[in-house]
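Protein chains in written order, with this note's numbering: chain A, -10 to 81; chain B, -10 to 81; chain C, -10 to 81; chain D, -10 to 81; chain E, -10 to 81.
Take a look at the structure below.
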Amino acid sequence: MIVGKVVGNVVCTPKHPALIGIRLLLIRQYVSGQPKGLMVAGDPLQTAGAGEFVYLVDSSEAAASFRRGKVPVDLAVVGIIDRYNSTKCTLT
Amino acid sequence: MIVGKVVGNVVCTPKHPALIGIRLLLIRQYVSGQPKGLMVAGDPLQTAGAGEFVYLVDSSEAAASFRRGKVPVDLAVVGIIDRYNSTKCTLT
Amino acid sequence: MIVGKVVGNVVCTPKHPALIGIRLLLIRQYVSGQPKGLMVAGDPLQTAGAGEFVYLVDSSEAAASFRRGKVPVDLAVVGIIDRYNSTKCTLT
Amino acid sequence: MIVGKVVGNVVCTPKHPALIGIRLLLIRQYVSGQPKGLMVAGDPLQTAGAGEFVYLVDSSEAAASFRRGKVPVDLAVVGIIDRYNSTKCTLT
Amino acid sequence: MIVGKVVGNVVCTPKHPALIGIRLLLIRQYVSGQPKGLMVAGDPLQTAGAGEFVYLVDSSEAAASFRRGKVPVDLAVVGIIDRYNSTKCTLT
Chain A
-10 MIVGKVVGNV VCTPKHPALI GIRLLLIRQY VSGQPKGLMV AGDPLQTAGA GEFVYLVDSS
50 EAAASFRRGK VPVDLAVVGI IDRYNSTKCT LT
Chain B
-10 MIVGKVVGNV VCTPKHPALI GIRLLLIRQY VSGQPKGLMV AGDPLQTAGA GEFVYLVDSS
50 EAAASFRRGK VPVDLAVVGI IDRYNSTKCT LT
Chain C
-10 MIVGKVVGNV VCTPKHPALI GIRLLLIRQY VSGQPKGLMV AGDPLQTAGA GEFVYLVDSS
50 EAAASFRRGK VPVDLAVVGI IDRYNSTKCT LT
Chain D
-10 MIVGKVVGNV VCTPKHPALI GIRLLLIRQY VSGQPKGLMV AGDPLQTAGA GEFVYLVDSS
50 EAAASFRRGK VPVDLAVVGI IDRYNSTKCT LT
Chain E
-10 MIVGKVVGNV VCTPKHPALI GIRLLLIRQY VSGQPKGLMV AGDPLQTAGA GEFVYLVDSS
50 EAAASFRRGK VPVDLAVVGI IDRYNSTKCT LT
């Protein structure tokens, strides 16, 4: 599961019919606390806001997280990280 | 979901029967606004043109996006990016 | 299958309904005995503790390891490594 | 979808029963026109020959391309590239 | 499909119930004839021995290769490489 920060959103008019109504977020991936590349992800929770750290699932688990048939999404926000407990490492 | 720019198309005569009628595009991947490697992707929308920025899904979500049984495609264009909103980063 | 060490856990309140009750661990990946990036993984065994070396499966095998429908998890702890036998390499 | 060049084949006697009769090719991957690492792929077309540029699908789309139940193959040749059209890049 | 060499095995007592009876091998991956990182893989053939070059499938094809329901394994040995034919490259 991938950790990232919400940094914006993406708008597209021509799109696959199964994507209508799916909110697309712009996510900055974080690896071991370091910012990395940008990714586009679907948002089945509909509550993630800019600046929040979230975790994401990929591939068929992302598509299934929308609970409405075959959605062509391979990355989805499934949780907003409140805190993490570790004395040895930095996640966000 | 991957972001890329349409840069051409690919033609092949001998191919898997399930690929007949599938349009294959040549895509330049963009990671955090930087051009990267070339990829070949299917085009279920049939509307993406050269120079457009698109986003793509991979693996079984790509195969399902064609809505016609088991298509041997693992990368598909599912949207054309109109714009994105972010004060902090460059996507395309 | 990925090898890692449990280094903490992750707490989130807003999350996908299918994640309720799923314990999320913070894992340091080990590649050929060297510590690498951090990952977040589900814990279907419910017994992995901090400092233990574990092995993990990804993608749909991770989701299926919870045995309760479609869980949006793409990485899961499925074993705790007791020992390994090899005269030529270091795993943990 | 991956682009590669057929450079040989692989022979194995002890193998999974579901692999019997599956032709295994040795493929040199090409990324943006540059030769990269070697890969082993199944050949459902049965027509790809040494020196030809092909494109390949991975994961479950590769397994499904053989059209005979659950084949333990995660990379398969599904087309032979005749030509590509692009004024800006080199694919093969 | 991944090429690797068997270099040992892994033993774990606490594990997912669906892993009971699954033999776990320690594999050194080979990329274009060069040794790379270590991996843990399941062994549905039950015949691979230390020092042998094998090829492996990943993800759901690995899980299906055991032919006993949902096995939480995402990498499996499905063939032992006898030889390969190529005048241009080194695989093992």
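Cβ coordinates follow ideal geometry from the N, Cα and C atoms, glycine included.
Unbroken alpha helix (DSSP H) run spanning residue i, endpoints
i     : result
A53/E : S48 to A53
Residue range of the beta strand (DSSP E) that includes residue i
i       : result
G68/D   : L64 to I69
K59/D   : Premise fails: K59/D is in no beta strand (DSSP E) and is neither H nor E.
I(-9)/B : I(-9) to V0
Residue i, DSSP secondary structure in three states
i     : result
A37/B : coil
P24/D : strand
L14/E : strand
L80/A : coil
Beta-carbon proximity of residue i to residue j, cut-off 7 Å
i       : j       : result
L15/B   : G(-3)/B : yes
T36/B   : P3/A    : yes
C1/B    : I70/D   : yes
K59/C   : A30/A   : no
G26/E   : V20/C   : yes
D47/B   : D63/B   : yes
Y73/E   : V(-5)/D : no
G(-7)/E : Q23/E   : no
S49/A   : S49/C   : yes
Neighbour flag for residue i against chain H, beta carbons, 7 Å
i     : result
C78/D : Structure shown: chain H not included; protein chains present are A, B, C, D and E.
Fill in: Contact between the region 5 to 12 of chain B and the region 36 to 49 of chain C (3+ Cβ pairs under 8 Å)
By the Cβ test, the region 5 to 12 of chain B is not in contact with the region 36 to 49 of chain C, since fewer than three Cβ pairs between them sit closer than 8 Å.
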